[in-house]
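Numbering (the UniProt record's numbering) for the sequence shown: 1 to 459. First comes the structure, then the notes that go with it.
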Amino acid sequence: MATMLRGRSTWTSRPPPRWYGPRPAQLSLPALWPERKQDADRSAADPALGGVSRGDFPPPFLGLGVFCAPQDPRVLDSMLPYLTAYYGNPHSRTHAYGWESEAAVEKARRQVADLIGADSREIIFTSGATESNNMAIKGVARFYKSRKKHVITTQTEHKCVLDSCRSLETEGFRITYLPVKKNGLIDLKELEAAFQPDTSLVSVMTVNNEIGVKQPIHDIGEICRARKVFFHTDAAQAIGKIPVDVNDMKIDLMSISGHKIYGPKGVGALYVRRRPRVRLEPLQSGGGQERGLRSGTVPTPLAVGLGAACEVAQQEMEYDHKRISQLAERLVTKIMSEVPDVVMNGDREHRYPGCINLSFAYVEGESLLMALKDVALSSGSACTSASLEPSYVLRAIGTDEDLAHSSIRFGIGRFTTEEEVDYTVQKCIQHVKRLREMSPLWEMVQDGIDLKSIKWTQH
């Protein structure tokens, strides 16, 4: 243990951290849920225990597998020592407490880099993909603004990317928002036509967070490299789920989020290429940590958790993808075989199977969500869930407004079970049929009336 002697520290052997109770790695999340339900039943029966009802516990995790995944117990296991025994500042170079934390952070940096085929020196820890996107887009644009004032992105990017671009527009930058085809993919010819002599950056999301489509990242990277334009991709929904290699795909900057890959919330990373070198203007000032690009103390437990999540994802990716594909096929096939007039939004082939967006014609999406309140679903991105407007992503692919209002986003992940999928399917079918029976529009359609031929008037 480090002992302070007149302002100096001397180092002797330090005991390993102690953890009281069962090791998290010995527990699995699905195994814990039945115990929690049993506890709820016992509490509800005994007022002395608080009278907690089963409804006070989280619903089935369908919908959390891709959008906000539960933390993997193996990740928690790796973090615990740095939440208890190893609490040094990773930027402190004068004592062993700092050296331990620094070693843990650098190990995590290597784990993140290994997942994407990068050098560990190219990984910058951030608070999440939102910060990474802001750093990449604003940082590159501002650094090269004396010579280049044009940025290209798409209409279906995450809100933080679109808002970053709108912010740049107020600073005098020109932004091209590329449209997408009906399947959600961009037209590469339109991308090539959008380049201008002063284009500094192209930003295209790898996997869309609402409809799950995979953009042709490899082709986009080749186009950008040939024109010597930097290429950034928001890969929060792709990392750990599909193979990504920054060198093969010619990616210059890439945003990563911890909680999308069963890691902790509040941590992410930005990949910044060293050769050819990408220069950024930092968003915040301070102590110059993270190569001077992101000042502020790196939270050691969160960084360790992100690194562990990346390592586990690398080990489990192939198995997870196969299993999630089977569960996704099970969900879509069962729903569409029982319910007519259901549309899958986005390309059916070029997609990540764990993100499914279905529109149920003649059903209000919010009403269906309320009916399915015991299942964790959404009608769009969590970042825009407070808005009652139909999804801008669905509008961008040409979905009618009434159909966009009827869309539900399903997420399937590592801890989703067949039982949860079947339960969700059964409830979904039941409530769609019930809501349609109450809908005058559904009754008119059944009578053969073409709704588009009707001229509606307001009173």
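All C-beta atoms, glycine included, are put in the ideal place defined by N, C-alpha and C.
- Under DSSP, SER406 forms no beta bridge with any residue.
- Contact between GLU281 and PHE143 holds, since their C-beta atoms are separated by about 4 Å, short of 8 Å.
- Here DSSP, grouped into helix, strand and coil, assigns VAL272 to strand.
- Pairwise C-beta distances place the stretch 298-310 in contact with the stretch 263-270, as three or more of them are shorter than 8 Å.
- By the Cβ test, the stretch 361-372 is not in contact with the stretch 218-236, since fewer than three Cβ pairs between them sit closer than 8 Å.
- Annotation for VAL140: no beta strand (DSSP E) segment contains it, though the alpha helix (DSSP H) segment containing it runs 129-143.
- A Cβ-Cβ contact shorter than 9 Å links SER203 with VAL151.
- Annotation: the stretch 146-202 contains the following complete segments of the beta strand (DSSP E) (minimum length 3 residues), in chain order: 150-154 and 174-178.
- If you ignore the 5 residues before and after SER285, its C-beta comes within less than 7 Å of the C-beta of SER295, all in its own chain and listed in chain order.
- With fewer than 16 neighbouring CB atoms inside 10 Å of its own CB, ASP187 falls in the exposed class.
- When DSSP states are grouped into helix, strand and coil, VAL312 belongs to the helix group.
- DSSP, reduced to helix, strand and coil, places ASP219 within a helical segment of the structure shown.
- In this structure, DSSP gives SER391 a state outside helix and strand, which the three-state scheme calls coil.
- Of ARG109, MET205 and GLN237, the smallest CA-CA separation from THR126 is found for ARG109.
- THR126 sits in a strand when the DSSP states are folded into three classes.
- In this chain, ILE211 is not harboured by any alpha helix (DSSP H), its DSSP state being neither H nor E.
- Boundaries of the alpha helix (DSSP H) around HIS431: 418-437.
- Annotation for THR130: CYS160 place their beta carbon closer than 7 Å to its own, counting only its chain and skipping 5 residues before and after.
- Taking C-alpha positions only, ASP114 is separated from ILE397 by approximately 35 Å.
- ILE356 is bridged by DSSP to PHE410.
- For VAL342, the uninterrupted beta strand (DSSP E) segment begins and ends at 342-344.
- In the three-state reduction of the DSSP assignment, THR233 falls in the strand class, which pools E and B.
- Leaving aside the five residues that flank LYS148 on each side, the residues in its chain whose CB is nearer than 6 Å to its CB run, in chain order, ASP198 and SER200.
- Contact between GLY411 and LEU283 fails: their C-beta atoms lie close to 30 Å from each other, not under 8 Å.
- For ILE116, the enclosing alpha helix (DSSP H) begins and ends at 96-116.
- According to the DSSP assignment, LEU280 belongs to no alpha helix (DSSP H), since it is labelled neither H nor E.
- Going by DSSP, LEU253 is part of no alpha helix (DSSP H) but of the beta strand (DSSP E) stretching over 253-257.
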